[in-house]
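Numbering (UniProt numbering), first residue to last: 1 to 297.
Right, one structure below, let's go through it.
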């Protein structure tokens with residue numbers, strides 16, 4: 001297939017694009033500058049230089065492709081509208097990347113028993129309402145002749161398949177630990193996130209290109225862990241002392257409001273059946289703690 005991938009120089013998009021090339025697909029990837037373009041070319045990805053603001057470019061690339069994967073931003077409504085415009089009435093696949101912080105509770109590191117399912121999502125917080133509205137826009141595109149899906153990833157771990165990029169959450173903890181000599185988590189670190197390995201994520205996107213049921217929402221998860229379990233493993237891997245609690249205000253100063261409250265300080269516990277039942281997805285890696293101990297550093 002000819003697949004157009006936005007965010008092709010990023011961790012998720014770059015890994016997906018590289019995985020698709022290895023599977024024999026022809027991949028065109030959106031990048032912002034010539035330096036990134038040469039990086040993609042070396043991986044067998046055809047670069048297109050532009051940004052998510054280039055609506056006409058996005059629409060044209062969507063029309064020219066057999067399928068589109070939006071992995072650049074979960075929060076850029078204009079880009080999604082442009083891609084849908086290029087795909088309307090074609091019955092081509094549009095896989096839009098979201099993230100499970102949409103169910104995050106900004107608990108400040110406290111635990112929660114709440115678990116969310118694909119057919120039973122909560123009302124979004126004010127912080128996440130715009131992202132959820134974009135997800136719903138993508139799902140509604142199925143009524144306009146777009147074979148659309150929302151791929152809602154949980155905490156992704158593992159090393160990038162192609163471009164040398166870090167994932168969003170754990171590398172921030174690692175960077176802080178290396179800088180300070182102390183592994184820290186938000187609050188008491190009792191908060192729990194569902195998680196998934198990047199290689200299993202890429203496999204899911206590959207399957208969805210040919211097996212998606214239009215208008216489907218997928219949670220992508222293969223396990224879960226508390227942050228204190230992950231930081232304890234990180235401290236062992238780095239040969240540092242026990243991880244320490246960090247007040248939310250200090251975490252915000254280090255990582256910013258969004259990352260401290262949602263990416264690292266919330267609970268995001270979900271269960272996904274659709275990928276397994278509709279796509280035949282069978283994740284191979286199921287322990288983030290083992291990965292941290294054995295492979296992260």
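Here a beta-carbon is modelled for each residue, glycine too, at the ideal position from N, C-alpha and C.
Beta-carbon proximity list for residue i, same chain, < 8 Å, skipping 5 on both sides
| i | result |
| --- | --- |
| residue 293 | 233, 236 and 237 |
| residue 130 | 75 and 77 |
| residue 56 | 82 |
| residue 198 | 11, 12, 15, 156, 157, 158, 159, 160, 161 and 167 |
Bridge partners - residue i, DSSP secondary structure assignment
| i | result |
| --- | --- |
| residue 69 | 5 and 95 |
| residue 268 | 193 |
| residue 29 | 5 and 47 |
| residue 246 | 186 and 187 |
| residue 226 | 192 |
Closest residue to residue i among the options (Cα-Cα distance)
| i | options | result |
| --- | --- | --- |
| residue 110 | 126, 185, 15 and 130 | 185 |
| residue 206 | 22, 231 and 6 | 22 |
| residue 296 | 85, 193 and 167 | 167 |
| residue 2 | 44, 197 and 37 | 44 |
| residue 211 | 19, 149, 38 and 250 | 149 |
| residue 40 | 106, 194 and 18 | 18 |
| residue 113 | 277, 270, 49 and 264 | 270 |
| residue 63 | 91, 187 and 267 | 91 |
| residue 248 | 231, 106 and 203 | 106 |
Reduced DSSP secondary structure (H/G/I, E/B, other) of residue i
| i | result |
| --- | --- |
| residue 105 | coil |
| residue 59 | helix |
| residue 281 | coil |
| residue 188 | coil |
| residue 198 | helix |
| residue 119 | coil |
| residue 78 | helix |
| residue 221 | coil |
| residue 210 | helix |
| residue 231 | helix |
| residue 23 | coil |
| residue 216 | strand |
| residue 155 | strand |
| residue 150 | strand |
Cβ neighbours of residue i in the same chain (closer than 6 Å, five flanking residues each side left out)
| i | result |
| --- | --- |
| residue 128 | 102 |
| residue 240 | 183 |
| residue 244 | 182 and 184 |
| residue 46 | 28 |
| residue 36 | 9 |
| residue 89 | 145 |
| residue 252 | 260 |
| residue 227 | 185, 189 and 191 |
| residue 87 | 62, 94 and 146 |
Beta-carbon proximity list for residue i, same chain, < 7 Å, skipping 5 on both sides
| i | result |
| --- | --- |
| residue 132 | 102 and 124 |
| residue 138 | 80, 94, 96, 148 and 150 |
| residue 165 | 10, 11 and 14 |
| residue 51 | 32 |
message: Would the region 30 to 37 count as touching the region 87 to 102 if we require 3 or more Cβ pairs under 8 Å?
response: Too few Cβ pairs lie closer than 8 Å, so no.
Sufficient close CB pairs (3 or more, under 8 Å) joining the region 276 to 293 to the region 216 to 225
Yes, since at least three Cβ pairs between the region 276 to 293 and the region 216 to 225 fall closer than 8 Å, the two stretches touch.
* Counting pairs of Cβ atoms below 8 Å between the region 119 to 127 and the region 54 to 68, do you hit three or more? -> no
The region 171 to 178 / the region 190 to 207 touching (three or more Cβ pairs under 8 Å)
no
Pairing CB atoms from the region 132 to 150 with CB atoms from the region 249 to 260, are three or more of them under 8 Å?
no
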